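Going by this note's numbering, the sequence shown opens with residue 215, and the numbers climb by one from there. Quick reminder that beta carbons are idealized off the backbone N, C-alpha and C, glycines included. Model, not experiment: these values are computed from the prediction.
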Amino acid sequence: MPDRLRALAERLARALSLSFNALPALVLAWLCLRIGEAVHASSIGVPQATLFGAGLGNDLLSLLRFGFVFLLGALPLALIPAPRWRTFVLGLVWSALLCAHAALLQYHWISGVPLGADLFAYSGTEVAATVSGGWSLSPLLGIALLAALAVLWTLLSLSVRPWWPRAGTHTVTVALALSLVAFFLAPQRFAPRVAHTDADLAYLSNKTAFFIDNNLARLRNPDDDAAAPRVKAQAPWSGSDPRYPFLHAERTPDTLGPLFNVRPNAPPPNLVFIIVEGLGRSFSGPGARLGSFTPFLDELAGRSLYFENFLSGQGRTFGVLTTVFGSLPFGESGLAALGDKLPRHDSLLSVLKVQDYRLRFYSGSNLEFDNEGLFLRHQGVDQLVSEGDFKPPYQRSNDWGYADRDLVEMALAREAQASAGPYVGIIQTTSMHSPFTFPGKDDYLRRVEERMRALKLTDNPVYRNGRDIFASILYTDDALRTYFEGAAKLPGFENTIFVITGDHRLPELPMDTRIERYHVPLIVYSPLLKGPRSIRSVSSQFDIAPSLLAFLAKGYGLKSPQQVTWIGTGLDTEESFRNLHAIPLKQTKSEMSDFVSGTAYLAQGQLYTIGDGMQTDRNNDAGALARAQAQFRDFLEANGTAGRSAALLPQGELRMAAYGGERTLRGTALAAGAGDLGVTGLRRAAGSGIVFEATFTNHGVDTSPEFVPLLVVTNEHGLELNETAAPGRALAPGESATVAFRPDLRKAAPGAYFVSVLPSHPGTGRPLGVGQYHVETRL
């Protein structure tokens, strides 16, 4: 028996020694991944001259703290008699470890935060959703991983040679003891004082050690609030420094560049923003619920990027400038309401100002209303035109100031005299505001009747009681036609990008849903566009500034701040419906109870599901409600801090960097997704009769719930003409099924109609996944 025990002890000692003696191979392989991480981090502004050594030191610290796992984990190798086979099995295990570490790096590069106890707060599907929009192995990471595996196997093959240094049993025992002591007593990570930003601190962490430490902490304390910070840690308002909760690394992707003709060495384009008072989606654009009263904007949208499911950040004008140009939080009553206590921040305007853009703002109203003038002066706007600059023959149209046609004429005249060079022009209209008075109103009241007849709208109280409002909409639309006709004659027109949106949907017309208050169009028009596109994915005004700056940085070589305080993560240009954003919404200066996260819409404590067209339906998912509420609470806490702070970012020189690094639209794990059921390929089948076909697919890992394939036909005004349902069914994981619909449209007059298909709940009819909506067909 003693001989057997002695022999077993010797085999175990050999296994421990094998692992210990081969550790240099793992260390050098890990170094390859750290070098790849350093190259990536430097592209997003992490200073490698001061932090590379610290990052490598943290890798070695992690190896010391978890070295006992490598040593004790090698004990089963004692069962393998041949030394070369023991080495081979050890190599397989360590190769798997390197691949797992590379996967954790990829997750961090895409999501912006290391993966840790998130696994306890969300399902695997929800964690995957954080990165699925941009998940593909980075070429840089692929090269680093291949290099790491090559180094590992090369050195392991050499470690069996007689000349390879070998430690004795005593040395291995001491190393094992030191590792155990370090695991319990050593810090998880150290950071030099020069590491300030989230990106700096995240870079320093060894991602495998971070993952293990966070999950061990969560297992030791299963009832703590670890889940909530994980939601918070991925959000744009959860910076590591509690003084600056909105401060985070810039990682907005360039989603606009592929849609523009960007010529090599071309000068950066001019930007013109037109913020239309009260412009809402329910009376502008194709399929508008009340009919479209903006014929010119509709025509322009047909030549533009048209965002159909777009949200303002506010229900009144008070927040539009800070939202569109700064992607900034609101504070208690709108950030600009803080006046001289406006927190220090960067914005699209201030960043372009330091890169030789001239900034000009035009309004026919009083700039001190809502402290707009103060905010614009803080951004460095060079020329502010307001009501005091209008001289005879211009006449005030009401207490708000001068009418929109006068405004655009003033803007065109000033732009014709402006000096050459890139510029940002901002035009803010007012005529679509009570009391809805403007020159030539009687003529436009008659035109309301003409427009209603053209749209074949029946007379009802909405139109009878709102004739003044609809007249003002037609008037402003004509003023914008005048502006674009004149702008086309200005120097630089061919190199100008025009951005048109509403500050909010005017509240005087009745709304079907609460979110309609925020549902506004976004039109991006430019002669530089490759072609028009209708975009159904959800974005908001918080996404405009980050996207434009990313576009200018990647396409024209401008620089952007390394650290930003954007709430938005960028415009989503996907043509089908989806929402990758978390969007806070503030209805008035004193009321904020709306929050959108994925397809979850939290409104005054009630949860809804949003769909294409910003349609809403009650949602009874308690888990989604809890997640949305947690995210909203985190935002409110950060928003309160911002409103009480003197600055949203540390004082110091603005650190700028070129476009680079891994970037993603996904800023946080969302409270709810659209579901695993999806519809594609909606089309009219060839042959006689009216038959539509669509393909339903279950993208999930489980069998889908039973659903009813539903087809809905509407006219151009959104009036439903027909519903056709197919037999209910369920789909296995990965299964697809093509369904044919034969709607009865014999009474429909010839013309254009819109067809939508969705998977619907058998009982309630509500959507159970992502449908395909508003596909035009002609009868």
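Please go through the same chain and pick out, in chain order, the residues whose beta-carbon is closer than 7 Å to the beta-carbon of Ser256, but skip the five residues on each side of it.
Along the sequence shown, one-based indexing puts residue 256 at 42. These residues qualify, in order along the chain: Gln262.
Taking the Cβ atom as the reference point for each residue, do Ser579 and Glu601 lie within a distance shorter than 8 Å?
Locating residue 579 in the sequence shown gives position 365, counting from the first residue. Locating residue 601 in the sequence shown gives position 387, counting from the first residue. Their beta carbons are under 8 Å apart, which means Ser579 touches Glu601 by this criterion.
Range of the contiguous beta strand (DSSP E) that encloses Ser811
The count along the sequence shown starts at 1 and reaches residue 811 at position 597. From DSSP, the beta strand (DSSP E) with Ser811 extends over Asp808 to Ser811.
Quick one: is Ile357 buried, meaning 16 or more other Cβ sit within 10 Å of its Cβ, or exposed?
Within the sequence shown, residue 357 is the residue found at index 143, counting from 1. Classification for Ile357: exposed.
Do Leu247 and Leu319 come within 8 Å of each other at the CB atom, strictly closer than that value?
For the purposes of this step, residue 319 is identified with residue 105 of the sequence shown, where counting begins at 1. For the purposes of this step, residue 247 is identified with residue 33 of the sequence shown, where counting begins at 1. Closer than 8 Å, so yes.
Roughly how many whole angstroms lie between the Cα atoms of Ser645 and Asp682?
Taking the sequence shown and counting its residues from 1, one reaches residue 645 at position 431. Taking the sequence shown and counting its residues from 1, one reaches residue 682 at position 468. Taking the straight line joining both Cα atoms gives about 11 Å.
Cα separation between Glu730 and Val534?
Counted from its first residue, the sequence shown places residue 730 at position 516. Counted from its first residue, the sequence shown places residue 534 at position 320. Going by the C-alpha atoms only, they are around 16 Å apart.
Going by beta carbon distance, what residues of the same chain come within less than 7 Å of Pro481, once the five residues before and after it are set aside?
As a working note, residue 481 is residue 267 in the sequence shown. Contacts found: Pro636 and Asn709.
In chain order, which continuous runs of the beta strand (DSSP E) of length 3 or greater are located wholly inside the segment 652–706?
none
If we count Cβ pairs, one from each stretch, closer than 8 Å, do we get three or more for the segment 784–794 versus the segment 552–564?
no
Cβ of Asp560 within 8 Å of Cβ of Val778?
Translated into the one-based positions of the sequence shown, residue 560 becomes position 346. Translated into the one-based positions of the sequence shown, residue 778 becomes position 564. Contact: yes.
Span of the alpha helix (DSSP H) holding Ser950?
For the purposes of this step, residue 950 is taken as residue 736 along the sequence shown, with counting starting at 1. Unbroken run through Ser950 is the beta strand (DSSP E), Ser950 to Phe955; no alpha helix (DSSP H).
From Thr802 to Leu274, what distance separates their C-alpha atoms?
Here residue 802 refers to the residue found at position 588 of the sequence shown. Here residue 274 refers to the residue found at position 60 of the sequence shown. Straight-line Cα distance between these residues: approximately 53 Å.
Distance, Cα to Cα, Ala842 vs Ala449?
Here residue 842 is taken as the residue at index 628 of the sequence shown, counted from 1. Here residue 449 is taken as the residue at index 235 of the sequence shown, counted from 1. Cα to Cα, the separation comes out at about 12 Å.
Mind checking who Asp831 pairs with in its DSSP beta bridge?
Here residue 831 refers to the residue found at position 617 when the sequence shown is read from its first residue. Paired residues: Thr823.
In DSSP terms, what Phe487 is bridged to:
Mapped onto the sequence shown, residue 487 falls at position 273. According to DSSP, which records beta bridges pairwise, Phe487 is partnered with Ile640 and Val713.
Taking Cβ positions, are Val490 and Gly716 nearer each other than 8 Å?
As a first step, residue 490 must be located in the sequence shown, where it is residue number 276. As a first step, residue 716 must be located in the sequence shown, where it is residue number 502. Cβ distance < 8 Å, so Val490 and Gly716 count as in contact.
Let me check understanding here. Comparing Cα to Cα, which of Thr508, Ile294, Phe280 and Ser774 lies closest to Met870?
Along the sequence shown, read from residue 1 onward, the residue named residue 870 stands at position 656. Among Thr508, Ile294, Phe280 and Ser774, the Cα nearest to that of Met870 is on Ser774.
Rounded straight-line distance, which links the Cα of Ala314 to that of Leu972:
Along the sequence shown, read from residue 1 onward, the residue named residue 972 stands at position 758. Along the sequence shown, read from residue 1 onward, the residue named residue 314 stands at position 100. Straight-line Cα distance between these residues: approximately 39 Å.
Is it true that the segment 756–773 meets the segment 802–817, where meeting means three or more beta-carbon pairs spaced less than 8 Å apart?
no
In terms of residue numbering, what span does the beta strand (DSSP E) encompassing Thr385 cover?
Position 171 of the sequence shown, counted from the start, is the residue given in the question as residue 385. Per DSSP, Thr385 belongs to no beta strand (DSSP E); it is in the alpha helix (DSSP H), Thr383 to Leu399.
List the DSSP bridge partners of Gln528.
To locate residue 528, count along the sequence shown from 1; it is residue 314. The partner list for Gln528 (beta bridge, DSSP) reads Lys800.
What separation, rounded to the nearest whole angstrom, lies between the Cα atoms of Thr387 and Pro456?
Position 173 of the sequence shown holds residue 387. Position 242 of the sequence shown holds residue 456. Going from the Cα of Thr387 to the Cα of Pro456 covers about 44 Å.
Contact check, Thr917 vs Ala946 under 8 Å by CB: the rounded distance?
Sequence index remark: in the sequence shown, residue 917 carries index 703 (1-based). Sequence index remark: in the sequence shown, residue 946 carries index 732 (1-based). Sure, about 6 Å apart at Cβ, within 8 Å.
Quick one: Cα of Leu659 to Cα of Thr938, how far?
Here residue 659 is taken as the residue at index 445 of the sequence shown, counted from 1. Here residue 938 is taken as the residue at index 724 of the sequence shown, counted from 1. Answer to the nearest angstrom: the Cα atoms are 40 Å apart.
What would DSSP say about Ala405, mapped onto helix, strand or coil?
Position 191 of the sequence shown holds residue 405. Three-state DSSP puts Ala405 in coil, outside helix and strand.
Val893, DSSP secondary structure in three states:
Locating residue 893 in the sequence shown gives position 679, where the first residue counts as 1. Correct three-state label for Val893: strand.
Buried or exposed by the 16-neighbour rule on C-beta atoms within 10 Å, applied to Leu519
Looking up residue 519 in the sequence shown gives position 305. So Leu519 ends up on the buried side.
Just how far apart, CA to CA, sit Leu772 and Gln528?
On the sequence shown, position 558 is the one that residue 772 refers to. On the sequence shown, position 314 is the one that residue 528 refers to. Rounded to whole angstroms, Leu772 to Gln528 spans 30 Å at the Cα level.
How about Phe910 and Leu896: do their beta carbons lie closer than 8 Å?
Position 696 of the sequence shown, counting from 1, holds the residue named residue 910. Position 682 of the sequence shown, counting from 1, holds the residue named residue 896. Contact flag unset, no.
Between Gln569, Met725, Ala702 and Ala502, which lies nearest to Ala630 when the distance is taken from Cα to Cα?
Mapped onto the sequence shown, residue 630 falls at position 416. If we check each option's Cα against that of Ala630, Ala702 comes out closest.
Excluding the 5 residues flanking Ala899 on each side, which residues of the same chain have their C-beta closer than 6 Å to its C-beta?
The residue labelled residue 899 in the question sits at position 685 within the sequence shown. The residues are Val905 and Glu907.
Taking the alpha-carbon positions, what's the Ile749 to Pro500 distance?
Reading the sequence shown from its first residue, position 535 is the one you call residue 749. Reading the sequence shown from its first residue, position 286 is the one you call residue 500. Approximately 12 Å between the Cα atoms of the pair.
Buried versus exposed, by CB contacts within 10 Å (16 or more), Lys670:
Taking the sequence shown and counting its residues from 1, one reaches residue 670 at position 456. Looking at its Cβ environment, which holds fewer than 16 other Cβ atoms inside 10 Å, Lys670 is exposed.
Exposure label - Pro642; buried when at least 16 CB within 10 Å
Within the sequence shown, the letter at position 428 stands for residue 642. It should be noted that the sequence gives Gln, not Pro, for residue 642. Under this definition Gln642 is a buried residue.
Any idea what DSSP makes of Glu601, helix, strand or coil?
Walking along the sequence shown from the start, residue 601 turns up at place 387. Helix.
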